[in-house]
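Visitor: Residue numbers (this note's numbering): 10 to 293. Beta carbons are placed, not taken as given, at the ideal position from N, Cα and C, and that holds for glycine. Below is the structure I would like to discuss, written out as structure tokens.
Structure, rendered in structure tokens:
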């Protein structure tokens, strides 16, 4: 897995300046997005005082931060596209060169259809990996800021939230390993289906000349049997992730909010702190 990430980042850091700027802006975006619940605390503290100017200042700041978030979000996507489009082009050129460097025997013993399927899947995977890792990075920024905020209010809340995240991360490790196993099994069958379809099109004249249309249709139908089976396994692995992570998240939410409620009833924290914590855990 580490080797995969090294290969992935090798093409991105080729455009180091733009990539670093992209990461910096993504970090700023993550921070701005994460601090929104803090405004709930400010509003709760200011509204009972009925100080028009104070409330108006908070409102202006809140709207301004949201406008800033929108602008930075656009910039982040522009920078990200500028990096990933160039990197994806470089990846395709490198893969194409690799295929050209392979000997004739390799191409004779491998289906053109399966190779095309692998190439297409590789293109989609590179873009998908880029966006998924960006999302995970924003979650990490959100988590760090949230733990800092919770620690400033009460250390117990920060530890409980951190423990919930660690348990989710450990469970995710095994769930993703299972997901990858089912994905590999499905990819193999997807390549087989693509091989039948593409090879049939490449040899279309031969198939028509010898009247093998029915035989080719049966080949495709047979290939789809395992394709459907492995696709169900792959799809159900996501349902398993949803169930397990959902249960862990719900348990963590209960523990954190119950402890927060207990601290509030004991006058350890203020009502505005309770709203802040509630805002963070429901937006995470």
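Are there 16 or more other CB atoms within 10 angstroms of the CB of residue 255, so buried, or fewer, so exposed?
Guide: If you number the chain shown from 1, residue 255 lands on position 246. So residue 255 ends up on the exposed side.
Visitor: Quick one: what's got a C-beta closer than 8 angstroms to residue 187's C-beta in the same chain, skipping five residues either side?
Guide: By one-based count along the chain shown, residue 187 stands at place 178. Hits under 8 angstroms: 246 and 249.
Visitor: Indicate whether the contact test is met: 3 or more Cβ pairs, each with one atom in the segment 161-170 and one in the segment 261-272, closer than 8 angstroms.
Guide: Touching, yes.
Visitor: Assuming contact is defined by CB atoms lying nearer than 8 angstroms, are residue 176 and residue 257 in contact in what I supplied?
Guide: For this step, residue 176 is matched to residue 167 along the chain shown. For this step, residue 257 is matched to residue 248 along the chain shown. Yes; because the gap between Cβ atoms is below 8 angstroms, this pair is in contact.
Visitor: DSSP three-state label for residue 42, please.
Guide: Taking the chain shown and counting its residues from 1, the one referred to as residue 42 is at position 33. Three-state result, residue 42: helix.
Visitor: Quick check: what's the CA-CA separation for residue 86 versus residue 29?
Guide: In the chain shown, residue 86 corresponds to position 77, counting from 1. In the chain shown, residue 29 corresponds to position 20, counting from 1. Those two C-alpha atoms are separated by around 14 angstroms.
Visitor: On a Cα-Cα basis, can you pick out the residue from 68, 286, 140 and 63 that is closest to residue 31?
Guide: The sequence position of residue 31 within the chain shown is 22, counting from 1. When only C-alpha atoms are compared, the closest one is 140.
Visitor: Can you tell me where the alpha helix (DSSP H) holding residue 222 begins and where it ends?
Guide: Taking the chain shown and counting its residues from 1, one reaches residue 222 at position 213. Where residue 222 is concerned, the enclosing alpha helix (DSSP H) stretches over 222-274.
Visitor: I'd like to check one pair, residue 81 with residue 37: are the Cβ atoms closer than 8 angstroms?
Guide: As a position in the chain shown, residue 37 is number 28, starting the count at 1. As a position in the chain shown, residue 81 is number 72, starting the count at 1. In this structure, residue 81 lies closer than 8 angstroms to residue 37 by Cβ.
Visitor: Distance, Cα to Cα, residue 346 vs residue 154?
Guide: Since the displayed the chain opens at 10 and closes at 293, residue 346 lies outside it and no answer follows.
Visitor: Roughly how many angstroms separate the alpha carbons of residue 75 and residue 49, rounded to a whole number?
Guide: Working through the chain shown from its first residue, we reach residue 75 at position 66. Working through the chain shown from its first residue, we reach residue 49 at position 40. Taking the straight line from one Cα to the other gives about 14 angstroms.
Visitor: Enumerate in chain order the residues of its own chain whose CB-to-CB distance from residue 150 is below 7 angstroms, with the five nearest sequence positions on each side excluded.
Guide: Within the chain shown, the letter at position 141 stands for residue 150. If we look at residue 150 and ignore the five residues flanking it on each side, its Cβ neighbours are 36, 39, 40 and 43.
Visitor: Taking all protein chains shown into account, decide if residue 305 is buried (16 or more other Cβ within 10 angstroms of its Cβ) or exposed.
Guide: The structure shown does not extend to residue 305, since the chain is modelled only from 10 to 293, so the question has no answer here.
Visitor: For residue 100, count the other beta carbons within 10 Å of its own beta carbon; 16 or more makes it buried, fewer makes it exposed. Which is it?
Guide: Position 91 of the chain shown, counted from the start, is the residue given in the question as residue 100. Per the 10 Å Cβ criterion, buried.
Visitor: CA-CA distance, residue 231 and residue 241?
Guide: Counting from 1 along the chain shown, the entry for residue 231 is found at position 222. Counting from 1 along the chain shown, the entry for residue 241 is found at position 232. Answer to the nearest angstrom: the Cα atoms are 16 angstroms apart.
Visitor: Helix, strand or coil for residue 20, going by three-state DSSP, please let me know.
Guide: Locating residue 20 in the chain shown gives position 11, where the first residue counts as 1. It is helical.
Visitor: Measure the alpha-carbon distance for residue 224 versus residue 26 and round it to whole angstroms.
Guide: Translated into the one-based positions of the chain shown, residue 224 becomes position 215. Translated into the one-based positions of the chain shown, residue 26 becomes position 17. Each residue's alpha carbon lies about 56 angstroms from the other.
Visitor: Within its chain, find whatever has a CB closer than 7 angstroms to the CB of residue 281; leave out the 5 residues flanking it on each side and keep chain order.
Guide: Indexing the chain shown from 1 puts residue 281 at position 272. Closer than 7 angstroms at Cβ, skipping near neighbours: 50, 53 and 54.
Visitor: Using the C-alpha atoms, what's the distance from residue 96 back to residue 12?
Guide: By one-based count along the chain shown, residue 12 stands at place 3. By one-based count along the chain shown, residue 96 stands at place 87. Taking the straight line from one Cα to the other gives about 17 angstroms.
Visitor: Give the straight-line distance between the Cα atoms of residue 45 and residue 276, rounded to the nearest whole angstrom.
Guide: Residue numbering aside, residue 45 sits at position 36 when the chain shown is read from its first letter. Residue numbering aside, residue 276 sits at position 267 when the chain shown is read from its first letter. Whole-angstrom Cα-Cα distance: 25 angstroms.
Visitor: Tell me the rounded alpha-carbon separation between residue 107 and residue 16.
Guide: Taking the chain shown and counting its residues from 1, one reaches residue 107 at position 98. Taking the chain shown and counting its residues from 1, one reaches residue 16 at position 7. About 15 angstroms.
Visitor: What's the C-alpha gap between residue 228 and residue 265?
Guide: Taking the chain shown and counting its residues from 1, one reaches residue 228 at position 219. Taking the chain shown and counting its residues from 1, one reaches residue 265 at position 256. Each residue's alpha carbon lies about 56 angstroms from the other.
Visitor: Taking its Cβ as the centre, do 16 or more other Cβ atoms sit within 10 Å of residue 261, making it buried, or is it exposed?
Guide: Here residue 261 refers to the residue found at position 252 when the chain shown is read from its first residue. That one is buried.
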